[in-house]
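Undergrad: Residues in the sequence shown are numbered consecutively from -13, following our numbering. Below is a structure I'd like to ask you about.
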Amino acid sequence: MEAMGSEVAARPLGILLDARYCIRCGYLLQGLPLTGACPECGTAVELSLREPTLATADPEYLKKVRAGLSLVLNGILLMIVVMVLGTFLGAAGASAGLAGMHLLVPLLSLGTSILMLVGYWRYTEPDPSQVALEASGSARAMVRVAVVVQAALGVVSLLIAVMVGSTGAWVLGGASPGVAAWGVLSLVVSLAGFAAWAVQFFSVMRYTRWLATRVPDAWVIRRTGRYMWLLPLLYTVGILLVGLGPLIALVLYWNLLHRMRKHLLSIEQGAGPVELKGRLAEATARD
Ligand SMILES: [Zn+2]
């Protein structure tokens, strides 16, 4: 008990005192020996410390990442508009004769998809100072692979729609074997698109967690972990919540990425991450 007063002075050397996070899994490494490894994933503490924070990153790089995030964030807002519009037009279109309006929602969603795919591509820009040491390079690369696959599938499904439309297959009611083949192909494309979308979601969460360790922001790190099960649940089973699950998932996702954009802007302006102190204190108290 008498040693209490000298506790700070008696702190052993070689212990990490700063609030730094594991670059692979986001674990708070504070209090661990510098020569140790992350208890969660085994990554060397030293490797995480070698990771430069975003404050020391190339301003051009930060600007590109932030521009990508802006496209994604605006794309999500558009997606919400399309969702609401689709529901409204679906209800109204059944009664009133809205000629030409049936094309509005598919065209808007196509535009939104392109916007978001470009956004994700730019959000996952490689850090030029960093490529050799990039621990979660797989997550960053996976987002880009998923983006390219989705763009390709989008083109294929558009071609299918044009082909089926031009042969008048829809009008004939799908009786001929050729139409069945298009139907199967269309189903395969839809399933592949869903798989690519899922890969993209989980990769974006892992990549965002890595980026958050470089802010660092414990709140974002924790949220990415929680959202990996919560958002898919809201997006699927959440439809039972008066259909509001997907909307809630989009809002939570938007908030998370919006917070990253705020950090990037603040860091670019030389002010450091936003609201860092309170969030770190909260995280340290909880962990
Ligand atoms: Zn770890």
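Cβ coordinates follow ideal geometry from the N, Cα and C atoms, glycine included.
1. Of all the options Val68, Thr73, Gly72, which has the alpha carbon lying nearest to the alpha carbon of Thr98?
2. Just the C-alpha distance for Ala137 and Thr21, rounded to the nearest angstrom, thanks.
3. Is there at least one non-hydrogen atom of ligand 1 closer than 7 Å to the beta-carbon of Glu26?
4. Taking the C-alpha atoms as reference points, what is the distance between Leu226 and Phe74?
5. Under a Cβ-count criterion, where at least 16 other Cβ atoms within 10 Å of its own Cβ denotes burial, should Gly113 be classed as buried or exposed?
6. Considering just the uninterrupted stretch of the alpha helix (DSSP H) at Thr210, what are its terminal residues?
7. Excluding five sequence neighbours on each side, which residues of the same chain lie with their C-beta closer than 6 Å to the C-beta of Gly159?
8. Could you tell me the distance, in whole angstroms, from the CA atom of Val135 to the CA atom of Leu3?
9. Is Thr29 near ligand 1, judged by its Cβ being under 7 Å from some heavy atom?
10. Let's test the definition: count the other Cβ atoms within 10 Å of the Cβ of Asp203 and tell me whether it reaches 16, buried, or not, exposed.
11. Check for me: the alpha helix (DSSP H) holding Tyr13 runs from which residue to which?
12. Identify, in the order they occur along the chain, each residue of the same chain with its Cβ nearer than 8 Å to the Cβ of Tyr13, setting aside the five sequence neighbours on each side.
13. Consider the C-beta atom of Tyr13 and the heavy atoms of ligand 1; say whether any pair is separated by less than 7 Å.
14. Could you tell me if Thr199 is buried or exposed, where buried requires 16 or more neighbouring beta carbons within 10 angstroms of its beta carbon?
15. Ser34 to Leu48, Cα distance in whole Å?
16. According to DSSP, is Ala257 part of a helix, a strand, or is it coil?
17. Could you round the C-beta distance between Val51 and Leu250 to whole angstroms and report it? I think they count as a contact, below 8 Å.
18. Quick one: any contact between the stretch 54 to 61 and the stretch 216 to 230, if contact means 3 or more CB pairs under 8 Å?
19. How big is the Cα-Cα spacing for Met191 and Ser176?
20. Where does Ala43 fall in DSSP's three states?
21. For Ile1, which beta-bridge partners are listed by DSSP?
22. Under the rule that 16 or more other beta-carbon atoms within 10 Å means buried, what is Ser189, buried or exposed?
23. Measuring alpha carbon to alpha carbon, tell me which residue in Val237, His244, Arg247 is nearest Met65.
24. At a cut-off of 7 Å, is Arg192 close to ligand 1 when judged by its beta-carbon and the heavy atoms of the ligand?
25. How long is the line joining the alpha carbons of Leu63 and Gly54, rounded to whole angstroms?
26. Measuring CA to CA, which of Phe187, Trp183, Val201, Ile146 is closest to Ile253?
27. Can you say whether Phe180 is buried or exposed, counting buried as having 16 or more other CB atoms within 10 angstroms of its CB?
28. What's the C-alpha gap between Ala155 and Met149?
TA: Looking at the coordinates:
1. Stepping through the sequence shown from its first residue, residue 98 is reached at position 112. Of Val68, Thr73, Gly72, the residue nearest in Cα terms is Val68.
2. In the sequence shown, counting from the first residue as 1, residue 137 sits at position 151. In the sequence shown, counting from the first residue as 1, residue 21 sits at position 35. Answer to the nearest angstrom: the Cα atoms are 44 Å apart.
3. To locate residue 26, count along the sequence shown from 1; it is residue 40. Within the cutoff, so yes.
4. Numbered from its first residue, the sequence shown carries residue 226 at position 240. Numbered from its first residue, the sequence shown carries residue 74 at position 88. One C-alpha to the other measures close to 19 Å.
5. One-based indexing of the sequence shown puts residue 113 at position 127. According to the sequence as given, residue 113 is Asp; it is not Gly. Asp113 is buried by the Cβ-count criterion.
6. Residue 210 sits at position 224 when you count from the first residue of the sequence shown. First-last of the alpha helix (DSSP H) with Thr210: 204 to 222.
7. Along the sequence shown, read from residue 1 onward, the residue named residue 159 stands at position 173. Its pLDDT being 49, under 50, Gly159 is placed unreliably in this model, and the value from its coordinates should be taken loosely. Excluding sequence neighbours, Gly159 sits near nothing in its chain.
8. By one-based count along the sequence shown, residue 135 stands at place 149. By one-based count along the sequence shown, residue 3 stands at place 17. Computed Cα separation, rounded: 43 Å.
9. The count along the sequence shown starts at 1 and reaches residue 29 at position 43. Because some heavy atom of ligand 1 lies under 7 Å away, the Cβ of Thr29 counts as near it: yes.
10. Numbered from 1 along the sequence shown, position 217 holds the residue referred to as residue 203. Flag for Asp203 reads buried.
11. For the purposes of this step, residue 13 is taken as residue 27 along the sequence shown, with counting starting at 1. That residue, Tyr13, is in no alpha helix (DSSP H); it is neither H nor E in DSSP.
12. The residue you call residue 13 lines up with position 27 of the sequence shown. Excluding residues within five positions, the ones whose Cβ falls inside 8 Å are Tyr7, Cys24, Pro25, Glu26, Cys27.
13. Start at 1 with the first residue of the sequence shown, and residue 13 comes out as number 27. Because some heavy atom of ligand 1 lies under 7 Å away, the Cβ of Tyr13 counts as near it: yes.
14. Your numbering for residue 199 matches position 213 in the sequence shown. Thr199 should be labelled buried.
15. Position 48 of the sequence shown, counted from the start, is the residue given in the question as residue 34. Position 62 of the sequence shown, counted from the start, is the residue given in the question as residue 48. When rounded, the distance between both Cα atoms is 20 Å.
16. Translated into the one-based positions of the sequence shown, residue 257 becomes position 271. Coil, per DSSP.
17. For this step, residue 51 is matched to residue 65 along the sequence shown. For this step, residue 250 is matched to residue 264 along the sequence shown. Contact flag correct, Cβ pair sits at about 6 Å.
18. no
19. For the purposes of this step, residue 191 is taken as the residue at position 205 of the sequence shown. For the purposes of this step, residue 176 is taken as the residue at position 190 of the sequence shown. Going by the C-alpha atoms only, they are around 23 Å apart.
20. Here the question's residue 43 lines up with position 57 in the sequence shown. Here Ala43 sits in coil by DSSP.
21. Walking along the sequence shown from the start, residue 1 turns up at place 15. DSSP output for Ile1 lists Pro19 as bridge partner(s).
22. Indexing the sequence shown from 1 puts residue 189 at position 203. By the neighbour-count rule (16 or more Cβ atoms within 10 Å), Ser189 is buried.
23. In the sequence shown, counting from the first residue as 1, residue 65 sits at position 79. With distances taken between Cα atoms, Met65 lies closest to Val237.
24. Along the sequence shown, one-based indexing puts residue 192 at 206. The answer is no for Arg192.
25. Position 77 of the sequence shown, counting from 1, holds the residue named residue 63. Position 68 of the sequence shown, counting from 1, holds the residue named residue 54. One C-alpha to the other measures close to 15 Å.
26. Here residue 253 refers to the residue found at position 267 when the sequence shown is read from its first residue. Checked all of Phe187, Trp183, Val201, Ile146; the closest Cα to Ile253 is Val201.
27. Along the sequence shown, read from residue 1 onward, the residue named residue 180 stands at position 194. By the neighbour-count rule (16 or more Cβ atoms within 10 Å), Phe180 is not buried but exposed.
28. As a position in the sequence shown, residue 155 is number 169, starting the count at 1. As a position in the sequence shown, residue 149 is number 163, starting the count at 1. Reliability of the predicted coordinates at Ala155 is poor, the pLDDT of 46 falling under 50, and the value obtained from them is presented with this limitation in mind. Whole-angstrom Cα-Cα distance: 9 Å.
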